[in-house]
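Heads up: the structure comes next, in structure tokens.
There are 2 protein chains.
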Amino acid sequence: MNDKFLKLDQEKRDRIINAAMQEFAEQGYDKASTNKIVKQAGIGKGMLFYYFENKQTLYHYLLDYGLDMALDKILNEIDTSDRDFIERMYKIVEQKLEIFKKYPDMIVFIGTFMLSDQSNIPDRIVNKYEELQKKGLEKAYKNIDYSLFREDLDVEKVFKLIEWTIDGYQNEIKARFHNQKFSEIDLDPYRQEFYDYLAILKRVYYQ
Amino acid sequence: MNDKFLKLDQEKRDRIINAAMQEFAEQGYDKASTNKIVKQAGIGKGMLFYYFENKQTLYHYLLDYGLDMALDKILNEIDTSDRDFIERMYKIVEQKLEIFKKYPDMIVFIGTFMLSDQSNIPDRIVNKYEELQKKGLEKAYKNIDYSLFREDLDVEKVFKLIEWTIDGYQNEIKARFHNQKFSEIDLDPYRQEFYDYLAILKRVYYQ
DNA sequence: AATAGTATTGACCACATTGGTCGACTGTGT
DNA sequence: ACACAGTCGACCAATGTGGTCAATACTATT
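Taken in sequence, the protein lines are chains H and L. Start counting the first sequence at 903; every next residue gets the next number (our numbering). Start counting the second sequence at 903; every next residue gets the next number (our numbering).
Right, dumping it as structure tokens:
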């Protein structure tokens, strides 16, 4: 990547980032097509290779960008002084949603990277990813108030159960709007619905 | 598909079915490669088109086969006289696991079909799929004993919460054994672990 | 052993798509 | 009028596509 790309107006830059993330997320690195990316981004083929040396450079740039964003916009926003586990999970979902509005495929893109073969990825990026994981665990579990939970339950297992439940809700929402553009959906009713579910979780898992 | 394929010994037939389901599940119909399928199945290119007229016929056969199996091996095995919702969910997971042992990609294959564009699929198959959905709802929710649940909760929401939790556990297991062959894993310890989680669900959602 | 018929292979085909290049063109500022 | 950064898409060799088919290997019957 070169400074030409950075000097683009944000709208065009984001169009390219989103097109590329979508393609890489759906197809993986090898099968992702630069032709599809430029078409989706609405730019000429030449421009992509004017901004980025080659396909690999583009991929690494997106990883860098995505990992930075996950660190800054999700983890650094989590307030570990709130000792309520479910509230903290709720905050994480909210932050993910914020990112989702601007970069609808970023979460999935980073997710697929986490499961992919990382042997050809530069150390710098792998290190950043490992830092993210470490910080993620910290932000999720540090300073949680165990006394909120029912005493007859294994709290570690309850953590898992709550996480799975929230993941399930997110998947449900994604499936529900499978074909629609997320930016055109009013999310407030679903935020309310989500909060209803969290209230149940608190009622059953907390004492 | 012709009778030549049906007359194959089961081992070879299953090798081809599994190879094809894996490829279609991972890549979708268009991007799935018949070359990759024959390579994975360990047969010559010619044989695939000796058994099946073309790629599309193969795909439709797999859908037929998979939908039939889901109906016979999962839904028809569910005992609706057991009125315990969590137990019934447990049975469904067990049946899925049985299929998984023999056809590791079938569940995902059918799952991707459910989300895909079905406009070019023959009516016969679409009908079978719709029957599966209808029967699925019936088998999952009919004759459930509502009185088992805590009275201060919205039971419909609790259904959802329990389903998401179980899905989450399944995803966790899949991620845990991401690269290993499922057939080589002793699943009994995980069945126990799963039952521990279900016990918690019963304790918190039932009265 | 000879024959017939079936099962199996992989080189081969025309075509589509790939990552990447480059000469032509546009627009802007001086 | 000139320079120059930005933009495009036709083009390239390479690879991969679904599908064919002549050549073989195998099996059973005579």
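Note that the Cβ used here is the ideal one computed from N, Cα and C, for glycine as well.
| Asked | Found |
| --- | --- |
| Contacts of T1067(L) in chain H (Cβ-Cβ under 8 angstroms) | L1063, W1066, T1067, G1070 |
| 7 angstroms Cβ shell around F1015(H) - same chain, five flanking residues per side excluded | L965 |
| The alpha helix (DSSP H) enclosing D923(L), as first and last residue numbers | According to the sequence as given, residue 923(L) is Met; it is not Asp. Unbroken alpha helix (DSSP H) run through M923(L): 912-933. |
| Counted within 10 angstroms of its Cβ, other Cβ atoms place Y1043(H) as buried (16 or more) or exposed | exposed |
| Limits of the alpha helix (DSSP H) - the one that F1015(L) falls within | 1008-1017 |
| Sequence-distant residues of its chain with Cβ nearer than 8 angstroms to L969(L) (five each side left out) | I1012, I1027, K1030, Y1031, L1034 |
| Identity of the residues DSSP links to F954(H) by a beta bridge | BP columns for F954(H) are empty, so no partner. |
| Local conformation of F1084(H) per DSSP, three classes | helix |
| Nonlocal neighbours in the same chain, by C-beta distance under 7 angstroms from M1008(L), ignoring five residues either side | M923, G968, M971, I1001 |
| Burial state of E925(H), where buried means 16 or more other Cβ atoms lie within 10 Å | buried |
| Interface flag, V1106(H) vs chain L, CB-CB below 7 angstroms | yes |
| Range of the contiguous alpha helix (DSSP H) that encloses A1042(H) | 1025-1043 |
| Beta-carbon neighbours of I1102(L), restricted to chain H and to distances below 8 angstroms | L1055, D1056, K1059, V1060, L1063 |
| Neighbourhood of P1116(L) by C-beta, 6 angstroms cutoff - its chain only, sequence neighbours within 5 removed | This structure gives no information on residue 1116(L), because the portion of chain L shown stretches from 903 to 1109. |
| F1051(H) - partner residues in DSSP beta bridges | Y1108(H) |
| The region 1058-1076 of chain L in contact with the region 1067-1076 of chain H per 3-pair CB rule at 8 angstroms | yes |
| Members of the region 1070-1099 of chain L near chain H, C-beta cut-off 8 angstroms | G1070, Y1071, N1073, E1074, A1077, H1080, D1098, Y1099 |
| The region 1011-1028 of chain L: positions lying closer than 9 angstroms to chain H by Cβ | L1017 |
| Burial state of I1064(H) (16 or more Cβ within 10 Å) | buried |
| Residue burial classification, R990(L) (beta-carbon count within 10 angstroms, cutoff 16) | buried |
| Proximity to T982(H) [Cα-Cα], best of V1060(H), F1051(H), D1047(H), E1058(H) | D1047(H) |
| Delimiting residues of the alpha helix (DSSP H) encompassing M991(L) | 987-1004 |
| First and last residue of the uninterrupted alpha helix (DSSP H) at L977(H) | That residue, L977(H), is in no alpha helix (DSSP H); it is neither H nor E in DSSP. |
| Given 8 angstroms, three or more beta-carbon pairs between the region 931-938 of chain L and the region 936-950 of chain H | no |
| Alpha helix (DSSP H) segment containing I939(H), residue limits | 936-943 |
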